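In my numbering, the protein residues as written are 162 to 412. Note that CB positions come from ideal geometry on N, CA and C, so glycine has one too. Remember, predicted model here, so these are calculated numbers, not experimental data. Report on the structure given below.
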Amino acid sequence: AASDVYKRQVQQCKSEWAGYGIEALFSPLDPEQTLGGGVGAYARQPNRIVELKPKTAKLRSLLASGRVGMYGVDIGHTGQAIFFVVYGWTGGETNTKVAARTGDICSAILAEQLLYPGVPMCIAGDINCLPSSLPHLCQLLSPQCGWTDLGAIASFWGGTDHQGTCRAPNSDTYNRRDVMIVNATFFGLVHSFYLEHDLFDVHATLTIEFNTQSDMGIKQNKMPKSMASQLEELFEESLGEEVNQNSRDLK
162 AASDVYKRQV
172 QQCKSEWAGY
182 GIEALFSPLD
192 PEQTLGGGVG
202 AYARQPNRIV
212 ELKPKTAKLR
222 SLLASGRVGM
232 YGVDIGHTGQ
242 AIFFVVYGWT
252 GGETNTKVAA
262 RTGDICSAIL
272 AEQLLYPGVP
282 MCIAGDINCL
292 PSSLPHLCQL
302 LSPQCGWTDL
312 GAIASFWGGT
322 DHQGTCRAPN
332 SDTYNRRDVM
342 IVNATFFGLV
352 HSFYLEHDLF
362 DVHATLTIEF
372 NTQSDMGIKQ
382 NKMPKSMASQ
392 LEELFEESLG
402 EEVNQNSRDL
412 K
């Protein structure tokens, strides 16, 4: 079965990468496809990574789609960040119904991110359309929410704004489909951002370098049990008292 092939490939990949000090996490595949979709994340030692369980029912329900994952990852030596990894449905640039399915993921992330005030967060992945085609993503990018599309302001770090990231086979044209969109806390940690087109045939590699000397405003503080069960060892001594209080309020 295709699922068995995928599981074997995942285990092979994890075992091989472990030899290089890399821990990798993978989502299920898209159940609507034979072998397609799927997202993941990895971290190299001593950085840690953990798959997080969303607090909102809507985002939890989308994890089985093979189109979104939520991960906690060490950044530098001073703290952690939450990454929402997204793989939008193909064809969203021309088909509004397809784009709306990816938009549903963005809607879920919009609701989820409200529950982690002060925590660095990033949406990363291939959205398979322009950010402007996703209303809830545009809402995150509004002044009220304060998120930033790093690729849209790449000139801030010496790059090219709105640079294309994806080139289909047999095409000379790059389209902008891959994004890294961050909240204000995360943005304060970004030292540089750039694209590389030479590592893979189709997609560019988007890279962030962190300013690990930045004051993340994170205290050493134990999480209450209701949060520790989600964030496990990764966040249990890292998020500030204001997050603890918010978590207690949400019980």
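Pick from the options that is closest to residue i, judged by C-alpha positions
i	options	result
E272	P281, L298, I288	Residue identity check: residue 272 is Ala in the sequence provided, not Glu. With distances taken between Cα atoms, A272 lies closest to L298.
F244	L356, E254, G264, A202	A202
D362	L350, P330, S353	P330
Y248	L291, H358, L275	L291
Y335	M341, C327, G252	C327
G279	Q241, E177, D287	Q241
Q414	P304, V200, H358, S294	Outside the displayed span of the chain (162 to 412) sits residue 414, for which this structure offers no information.
D287	E177, A225, R337	R337
L276	A313, S353, P215	P215
L186	Q194, V171, E177	V171
V200	R262, A313, P189	P189
Residue i classed as buried or exposed, judged by whether at least 16 other C-beta atoms fall within 10 angstroms
i	result
V351	buried
T255	exposed
D165	exposed
D310	buried
T321	exposed
S293	exposed
A315	buried
G180	exposed
T263	buried
K386	For K386, the predicted structure reports a pLDDT of 44, less than 50, and the residue's modelled location is therefore unreliable. A value from the coordinates is still provided. By the neighbour-count rule (16 or more Cβ atoms within 10 Å), K386 is not buried but exposed.
Sub-7 Å separation of residue i and residue j beta-carbons
i	j	result
G237	F371	yes
H364	D333	no
A269	L220	yes
N344	W308	yes
M341	A260	no
T366	L360	yes
Close Cβ partners of residue i (< 6 Å) along its chain, the five nearest in sequence each way excluded
i	result
V229	L223, V247, I266
D191	G197, G198, G227
G182	R205, Q206
A218	none
Close Cβ partners of residue i (< 8 Å) along its chain, the five nearest in sequence each way excluded
i	result
M282	A242, I243, F244, F245, Q274, V343, N344, T346, F347
T251	V259, N289
Residues of its chain near residue i, where Cβ-Cβ distance is below 7 Å and the 5 sequence neighbours each way are ignored
i	result
Y167	L190, L196
What beta strand (DSSP E) runs, 3 residues minimum, are completely inside the segment 276-321? Correct list: 282-287.
List, from N- to C-terminal side, the beta strand (DSSP E) runs of 3 residues or more that fit wholly inside the segment 341-372. 351-357, 366-371
For a minimum of 3 consecutive residues, which ranges assigned as the beta strand (DSSP E) are wholly contained in the segment 207-273? Within the segment 207-273, the complete beta strand (DSSP E) segments at least 3 residues long are 210-212, 229-236, 240-248, listed from N- to C-terminus.
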